[in-house]
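Working notes for the structure below.
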Amino acid sequence: MRARWTSDPCYAFYGVDGSDCSFLIYLSEVEWFCPPLAWRNHSSPPTVHTHTHQTTTTKRQAAFRTDLSSLLDLVGTGKESLSFMKRRMRRLASQWGTAAQRLHAKLRQRWREQKKILVHVGFLTEESGDVFSPKVLKGGPLGEMVQWADILTALHVLGHNLKISMSVKELQGPGSEGLVVNRFQAPADMASAAETR
11 MRARWTSDPC
21 YAFYGVDGSD
31 CSFLIYLSEV
41 EWFCPPLAWR
51 NHSSPPTVHT
61 HTHQTTTTKR
71 QAAFRTDLSS
81 LLDLVGTGKE
91 SLSFMKRRMR
101 RLASQWGTAA
111 QRLHAKLRQR
121 WREQKKILVH
131 VGFLTEESGD
141 VFSPKVLKGG
151 PLGEMVQWAD
161 ILTALHVLGH
171 NLKISMSVKE
181 LQGPGSEGLV
191 VNRFQAPADM
201 ASAAETR
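In the working numbering, the protein residues as written are 11 to 207.
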């Protein structure tokens with residue numbers, strides 16, 4: 011972070027000024043990579059309204075899901091790799107449901123914020139050449155699709171609001187031009203990208 015904090019104006023927007031203190035605050039409160047700092051003001055409960063420029067949004071509680079039908083619709087159709095991922099999701103649906111029920115019981119109604127999560131499955135994009143889809147029925151490498159199916163299912167079961175992108179065009183929009191996503195403009199709380207190797 012010391013070497014790159016001047017690379018994007020987003021860092022300065024969030025108060026990063028090159029000091030170790032500003033790095034810790036940024037990593038703790040903006041990116042959430044570090045635990046909350048004890049000396050910072052954390053008196054706001056998670057259910058309050060947060061103001062983002064001219065809009066007001068209410069944080070929503072994440073509720074565990076056992077029905078995968080809306081996730082299966084999000085994944086889409088048209089590629090054998092997507093069909094493979096959906097078959098895996100359907101096959102393991104009861105195990106995901108059991109896991110969700112166990113975790114729900116363990117957490118005892120603890121409040122969890124529902125996140126808007128953008129997942130870009132980069133290895134399946136036309137722009138990357140999508141070398142995986144044609145090989146699914148020919149014994150090709152299925153590990154990537156297994157992992158992505160499980161990641162998507164886990165996020166869905168945990169109750170988060172997913173947006174799945176399988177095209178670079180879908181990623182073009184507010185917050186996509188820099189290294190740091192401006193949370194006031196971004197359509198998601200978190201972004202994940204898989205690049206082809």
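Glycine included, C-beta positions come from ideal geometry on N, C-alpha and C.
- V40 to Y24, Cα distance in whole Å? 8 Å
- Message: On a Cα-Cα basis, can you pick out the residue from N171, M176, P46 and S177 that is closest to Q71?
- Response: N171
- Provide the residue span of the beta strand (DSSP E) that contains H166, from first to last. Premise fails: H166 lies in the alpha helix (DSSP H), G153 to V167, not in any beta strand (DSSP E).
- Item | From K125, I174, H114 and F94, residue whose alpha carbon lies closest to that of E154 | F94
- Query: Just how far apart, CA to CA, sit P46 and I35?
  - Reply: 8 Å
- Closest Cα partner of E123 within the set R14, E180, G149 and L168: L168
- Task: Give a yes or no on contact between the segment 144 to 152 and the segment 100 to 110, applying the rule of three or more CB pairs nearer than 8 Å.
- Result: no
- Query: In whole angstroms, what separates the C-alpha of V129 from that of S138?
  - Reply: 16 Å
- Message: Quick check on E205: buried or exposed, where buried means 16 or more other Cβ atoms within 10 Å of its Cβ?
- Response: At E205 the pLDDT is 36, less than 50, meaning the model places this residue with poor confidence and gives no usable figure here.
- Query: Measuring CB to CB, does M99 end up less than 7 Å from T135?
  - Reply: no
- Which two residues bound the contiguous alpha helix (DSSP H) that contains H130? Segment K126 to H130 is the beta strand (DSSP E) holding H130; no alpha helix (DSSP H) there.
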